[in-house]
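Below: the structure, in structure tokens.
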Amino acid sequence: MLHALGLPHGGDRAIYARRVGSRDVQRVGDLIARRIEERIPAVYLTGETWFAGLPFHVDRRALIPRSPIAELIERRFSPWIDPARVRRILDIGTGSGCIAVACAKALPRARVDAVDISPEALEVAAINVRRHRLGRRVRLVRSDHFSALAGERYDIIVANPPYVGRREMSGLPPEYRHEPPIALAAGRDGLDSVRVILREAAAHLRPCGLLVVEVGNTETAVRRAFRRLPFLWLEFERGGGGVFLLTHEALDPGSCPAQRGGGQERGLCPPPPPPAAAGHVPVPGKRGGRKATG
Ligand SMILES: C[S@@+](CC[C@H](N)C(=O)[O-])C[C@H]1O[C@@H](n2cnc3c(N)ncnc32)[C@H](O)[C@@H]1O
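See the structure below:
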């Protein structure tokens, strides 16, 4: 409604007392009608949304930003990595660029590579990189996962890849059909993209680096397919789940100098080491984090 009236989001409460003219009422009514009748997600109608407290341009070329990873970025990936030491971040499947931009804002000493296979999504990401004046620190790259990143290594690899299986795709509510299918569909079981990431991430992580991946409700399938990996499943204060975290050491035992007894050489390993056991762990939040469940 604020969008239709040309009023700022989160502005002065006094605007709620303003009288609205008949032309404005018509404009709001037209938007609501399109939302209901055409089942178009509201932010595709307004062209704007917020992620990690930052505004983003959105349109149908890219998925609507909604990943719970926003909360982890706002916490600067702490306590799993020392934020002050993070220099390079990779965002796989950047879409609108929301994760890449939010990472660059949260970690001002880091450079971010943001890759996507879709040229259309990269156009949207470019709008957002420009909007946030991050052209010097966020590099947009067209790449099928890691294919254009030979020899590159990162302190953090973060990904919200497609993870919807074939059967689930066919049952999605109409709203999802306005989003690019390539942003959602990931083969028969929804694991096509996650498999590539888990196979190739270790070769692109620096010692003591982190891999963070959203797999949504494909969590159970991921646990079954990769029984031997000690996933940490993150719990978020604002809800959402299906996000796992793996240390480089967990992906590639022996890769971390600190855990080999060599001390915290690059200082990337967090002061309290990451929990040893796999399970659910809370992202420490403003309220001190929720209780761990596993
Ligand atoms: C679920 S969307 C996530 C978009 C954005 N990161 C976000 O959180 O809103 C997945 C993204 O992965 C991209 N993608 C799909 N297959 C890919 C591949 N093989 N390599 C790189 N990116 C891919 C899609 O184009 C899409 O932008």
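Sequential numbering of the sequence shown, starting at 55, is according to the numbering used here.
For every residue, glycine included, the Cβ atom is placed at its ideal position computed from N, Cα and C.
Just verifying my parser: in three-state terms, what is the DSSP assignment at Asp145? Note: Asp145 maps to strand in three-state DSSP.
Could you tell me whether any non-hydrogen atom of ligand 1 is closer than 6 Å to the CB of Ala168? Distances between the C-beta of Ala168 and the heavy atoms of ligand 1 are all 6 Å or more.
Contacts around Thr100, its chain only, beta-carbon distance under 6 Å, and the 5 residues preceding and following it disregarded: Excluding positions up to five away in sequence, the list reads His57.
Quick one: complete beta strand (DSSP E) runs, 3+ long, within the segment 76–135? Residue ranges of uninterrupted beta strand (DSSP E) with 3 or more members, entirely inside the segment 76–135 and ordered along the chain, are 102–105, 108–111.
Cutoff 7 Å; reference Ile94; Cβ partners in own chain excluding five residues on either side: Excluding sequence neighbours, Ile94 sits near Arg88, His232.
Nearest-angstrom Cα distance between Gly316 and Gly308? Low confidence applies here, because Gly316 scores a pLDDT of 49, under 50, leaving its location unreliable; read the following figure in that light. When rounded, the distance between both Cα atoms is 11 Å.
Can you name the start and end residues of the alpha helix (DSSP H) that Ala255 belongs to? For Ala255, no alpha helix (DSSP H) run applies, since DSSP gives it neither H nor E.
What does the alpha-carbon distance come out to for the pair Glu174 and Ala255? If you take the alpha carbons of Glu174 and Ala255, they lie about 25 Å apart.
Give the straight-line distance between the Cα atoms of Leu61 and Gly75, rounded to the nearest whole angstrom. As the crow flies, the alpha-carbon of Leu61 is around 14 Å from that of Gly75.
To which residues does DSSP link Arg193 through a beta bridge? Arg193 is bridged to Asp167.
Buried or exposed: which applies to Val166, given that a residue is buried once 16 or more other Cβ atoms fall within 10 Å of its Cβ? Buried is the call here.
Taking 6 Å as the limit between beta carbons, can you name the residues of its chain near Leu286, skipping five residues before and five after? Same-chain partners within the cutoff: Leu299, Val335.
Sorry if obvious, but does the Cβ on Asp246 come closer than 6 Å to a heavy atom of ligand 2? For the structure depicted, ligand 2 is absent and the ligand set comprises only ligand 1.
If I'm right that Ala164 touches Arg141 with Cβ under 8 Å, what's the distance once you round it to whole angstroms? Distance from Ala164 to Arg141 at the Cβ level is roughly 6 Å; contact confirmed, criterion being Cβ atoms closer than 8 Å.
Taking only heavy atoms of ligand 1 into account, decide whether any of them is closer than 6 Å to the Cβ of Asp84. No, the beta carbon of Asp84 sits no closer than 6 Å to any heavy atom of ligand 1.
In angstroms, rounded to a whole number, what distance separates the CA positions of Asp295 and Arg190? Inspection of the sequence shows that residue 295 is occupied by Gly rather than by Asp. For Gly295 and Arg190, the distance between alpha carbons rounds to 32 Å.
Which whole-angstrom value describes the C-beta separation of Ala158 and Leu188, a residue pair presumed to lie in contact below a C-beta threshold of 8 Å? Right, the Cβ-Cβ distance comes to about 5 Å (below 8 Å), so this counts as a contact.
Could you spell out the range, first to last residue, of the beta strand (DSSP E) harbouring Thr301? For Thr301, the uninterrupted beta strand (DSSP E) run begins and ends at 297–301, by DSSP.
Report the partner residues of Ile211 according to the DSSP bridge assignment. Paired residue(s): Leu144, Leu265.
To the nearest angstrom, how far is it from the Cα of Pro338 to the Cα of Arg292? Going from the Cα of Pro338 to the Cα of Arg292 covers about 12 Å.
When the distance is taken between beta carbons, is Val218 closer than 7 Å to Ala239? When the beta-carbon positions are compared, Ala239 and Val218 come within less than 7 Å of each other.
Just to confirm, does Pro119 get its C-beta within under 6 Å of one of the non-hydrogen atoms of ligand 1? Indeed, a heavy atom of ligand 1 lies less than 6 Å from the Cβ.
The beta strand (DSSP E) spanning Val335 covers which residue range? Where Val335 is concerned, the enclosing beta strand (DSSP E) stretches over 333–336.
Alpha carbon of Gly107 to alpha carbon of His186, nearest angstrom: Gly107 and His186: Cα-Cα distance of roughly 13 Å.
Do Ala124 and Gly151 have their beta-carbon atoms positioned less than 7 Å apart in this structure? The criterion of a C-beta distance shorter than 7 Å is not satisfied by Gly151 and Ala124.
Mind checking which residues open and close the beta strand (DSSP E) that includes Leu288? That run of the beta strand (DSSP E) goes 286–289.
Should Asn182 go down as buried or exposed, given a rule of 16 or more other Cβ atoms within 10 Å for buried? That one is buried.
Grouping DSSP H, G and I as helix and E and B as strand, with all else coil, what is Ala240? Reduced to three states, the DSSP call for Ala240 is coil.
Measure the C-alpha to C-alpha separation of Asp243 and Phe200 and round it to an integer number of angstroms. Inter-residue distance for Asp243 and Phe200 is about 21 Å (C-alpha atoms, whole angstroms).
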